[in-house]
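Encoded as C-alpha cells, the structure appears first; notes follow it.
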Amino acid sequence: MTTENIAGTYIPATVSPPNNILTPGDYSPLGDFNDFAAAGCPVDGDWIITITDNIGADNGYLFEWGLFFDPSLNPYSEYYTPLIFGEQWVSDPTIVAGTGDTAIVIQPTVAGDNSYTFQVMDDFGCVYDTTIVVNVLNGPELLPGDTACNNTFQVTGTYAPEGGLWSYTGPGTVSYFPNTTFINPTLDVDVPGLYTFTFTDNQCGLGTDLEVLYIPDVTASLEDYFFCEGESRALDVTDVGDPTVSYLWSTGSTDPEIEVSVAGNFSVEVTGFCNSANAASEITTDPCLVIVPNVISIGSGSNGHNDYFTLDGLHRWPNTQLSVLNRWGQIVYHSDNYMNDWDGRNGNNGQLLPAGTYFYIVVYNNGDSETGHVTLFED
Numbered sequence: 054m055t056t057e058n059i060a061g062t063y064i065p066a067t068v069s070p071p072n073n074i075l076t077p078g079d080y081s082p083l084g085d086f087n088d089f090a091a092a093g094c095p096v097d098g099d100w101i102i103t104i105t106d107n108i109g110a111d112n113g114y115l116f117e118w119g120l121f122f123d124p125s126l127n128p129y130s131e132y133y134t135p136l137i138f139g140e141q142w143v144s145d146p147t148i149v150a151g152t153g154d155t156a157i158v159i160q161p162t163v164a165g166d167n168s169y170t171f172q173v174m175d176d177f178g179c180v181y182d183t184t185i186v187v188n189v190l191n192g193p194e195l196l197p198g199d200t201a202c203n204n205t206f207q208v209t210g211t212y213a214p215e216g217g218l219w220s221y222t223g224p225g226t227v228s229y230f231p232n233t234t235f236i237n238p239t240l241d242v243d244v245p246g247l248y249t250f251t252f253t254d255n256q257c258g259l260g261t262d263l264e265v266l267y268i269p270d271v272t273a274s275l276e277d278y279f280f281c282e283g284e285s286r287a288l289d290v291t292d293v294g295d296p297t298v299s300y301l302w303s304t305g306s307t308d309p310e311i312e313v314s315v316a317g318n319f320s321v322e323v324t325g326f327c328n329s330a331n332a333a334s335e336i337t338t339d340p341c342l343v344i345v346p347n348v349i350s351i352g353s354g355s356n357g358h359n360d361y362f363t364l365d366g367l368h369r370w371p372n373t374q375l376s377v378l379n380r381w382g383q384i385v386y387h388s389d390n391y392m393n394d395w396d397g398r399n400g401n402n403g404q405l406l407p408a409g410t411y412f413y414i415v416v417y418n419n420g421d422s423e424t425g426h427v428t429l430f431e432d
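So the sequence shown is numbered by the working numbering: it starts at 54 and just counts up by one.
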C-alpha cells in the first residue's frame, strides 16, 4: 500500500489512531482497479481482500472497507423472481412411495436418526435443499418364549421406554404381579397349557407376542389287583400333560403301560420336565377254581344240605351265566348273573322240577365255560 492520501474517493476515513504516523484518510491500492478486468476477473463472484499490518505504531487500527457502485453506471433498480424448474427427494432405499412428490412414505430399517433431503432447482440453475431428520424409535422387545413350571413364569428383558400394557389368550386365567402395566411381571396361571401374552407399548402402540407353555406336574397312581391265574391286567400311568415325560418300570419297560399276569409288586417312576412321581401296584392271583355240585335235594323232606345248586368259588366270577336244560334240550332255568340261588324250580313257572338228571352250562365273565350233569332227587 502506498502512503498516497487520495481525497474524495468513495472510502471515507473513520479511524483516528493516537499517533498520526500515517495520516487518517483514504488510500488507493497498489494496483489499478482496471487490472481486474485485464486479468479476466469479472465483477461477479467472490472478492478477496488481503490486509497486512506492518506498522506497529498504529495500535491495530487499520481501516474499514466496502464496495460501492457509482449510481451513474445503472440508475435503475432490478428485481427478479426465480421459478421452480424441478423438485425431488434425494433417492433413499427406505422411501417406499412419493419420491417425486412433496410427501413421501418411509419405512426405516434401523432405529435412530434417518435423514431425508428434498431438492428444488430454479430456472437459473440454482439448487436449493432442505433436510428432514426422522428419529426412529425401537419398538417393544421381548425375550423369546419359554416353558414354565408350577404355573408361574417370570418375564425378563422387556424393552419399552414408555411402558405398555399386557394382555393374553390361553386356556385359563392369568394373574399379573404386580400388575398388567409392569414391564417384567410375574405371570401366574390357574390352568396349565399354552398361553400367548401380548405386550402393547405406549410409545408406538405396537404389540409383541410372547408364548409360554406351562407344563403341569406329572402324576402317577396305580391300583392293587386280585385276579385269577391265567388272567392279566394292564398297569397304565400315561401322562398326557407333559410332552417330555418318560417312564421306567421295575420290569425295565419304558412304556407308559405294561401288562402283568403274575403275582408280585410292580413299581414305576414317571419323570417330567418339572418333577417326577412314583407309584406301585400289588398283584395277587388265585387259581379261582369253581366247584360245581352234581346233586340237588328237593322236596318237602329236604334236610338243609344240597338244597341249592351252589358253585363254590362263584364270588370270584361276578356276572356268571347259568343255564339248565332237561333231557329234551329245553331250558328250564337261566340267569345272566347267577347268585347260587337255584333250588331246582322251573324258571318258567316256579314249580319244582321232576327228579332226574339235568344238563347245565356255566359261562364265566372271561368267556370260559364248562358243562356237566346235575341230578335232582327227593329226600
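Heads up, the beta-carbon is just placed ideally off N, CA and C, and yes, glycines get one too.
Query	Result
Inter-stretch contact at 8 Å, needing at least 3 Cβ pairs: the segment 408-416 / the segment 370-387	yes
Three-state class that DSSP yields for VAL196 in the structure shown	Residue 196 is actually Leu in this sequence, not Val. Three-state result, LEU196: coil.
LEU263 vs THR200 beta-carbon contact at 7 Å	no
For PHE206, the first and last residue of its enclosing beta strand (DSSP E)	205-207
Strand pairing of GLN374, partner residues [DSSP]	VAL416
Residue interval of the beta strand (DSSP E) (run including VAL149)	148-150
Beta-carbon gap between PRO161 and VAL208 smaller than 7 Å	no
Cβ pair count under 8 Å reaching 3, the segment 425-432 against the segment 381-389	no
Residues that GLY317 bridges to, as DSSP identifies them	ILE336
For LEU218, the nearest candidate out of ASP289, PHE250, ASN359 and CYS179 (CA to CA)	PHE250
Alpha-carbon spacing of ASP270 relative to THR147, whole angstroms	50 Å
Rounded distance between the beta-carbons of TYR181 and VAL173, thought under 8 Å	5 Å
Which of helix, strand or coil DSSP assigns to ILE74	Because ILE74 sits at a pLDDT of 49, beneath the cut-off of 50, its placement in the model cannot be relied upon, and the following sentence gives the value as read from the coordinates. Here ILE74 sits in coil by DSSP.
Which residues DSSP lists as bridging VAL298, in chain order	None; VAL298 has no bridge partner.
Beta-bridge partners of HIS426, as assigned by DSSP	PHE412
LEU367 in three-state terms, based on DSSP	helix
Short Cβ contact (7 Å threshold) for GLY344 with ASP365	The amino acid occupying residue 344 in the given sequence is Ile; Gly does not appear at that position. Cβ atoms of ILE344 and ASP365: closer than 7 Å.
8 Å contact criterion, which GLU322 and LEU301 should meet: CB distance rounded	5 Å
Buried/exposed call for SER334, threshold 16 Cβ in 10 Å	buried
Outcome for ASP292 when other beta-carbon atoms lying within 10 angstroms are tallied against a minimum of 16	buried
Buried versus exposed call for PHE362 [16 or more other C-beta atoms within 10 Å across all chains shown]	buried
Presumed contact (8 Å Cβ cut-off) between PHE326 and THR297, rounded CB distance	5 Å
C-beta atoms of PHE502 and SER303 nearer than 7 Å	Residue numbering for the chain in the displayed model covers 54 to 432; residue 502 lies beyond these limits and cannot be assessed.
Delimiting residues of the beta strand (DSSP E) encompassing THR239	239-242
From GLU312, ASP241, THR184 and THR234, residue whose alpha carbon lies closest to that of THR205	ASP241
Nearest candidate by alpha-carbon position, reference PRO135, set VAL313, PHE177, SER228 and ARG369	PHE177
For VAL163: DSSP bridge partner residues	VAL163 pairs with nothing; no bridge assigned.
Residue from THR184, GLY305, ILE159 and ARG286 with nearest C-alpha to SER314	ARG286
Same chain, Cβ closer than 7 Å to ASN418, five either side skipped, listed in chain order	TRP370, PRO371, ASN372 and THR373
Cβ-Cβ distance between ILE351 and TYR278 below 7 Å	no
Proximity to GLU312 [Cα-Cα], best of LEU288, THR410 and THR152	LEU288
Rounded separation between GLY409 and HIS368 - CA only	28 Å
VAL227 versus GLN256: straight-line alpha-carbon distance, rounded	25 Å
Cβ-Cβ separation, GLY246 to PRO224 (assumed contact under 8 Å), whole Å	4 Å
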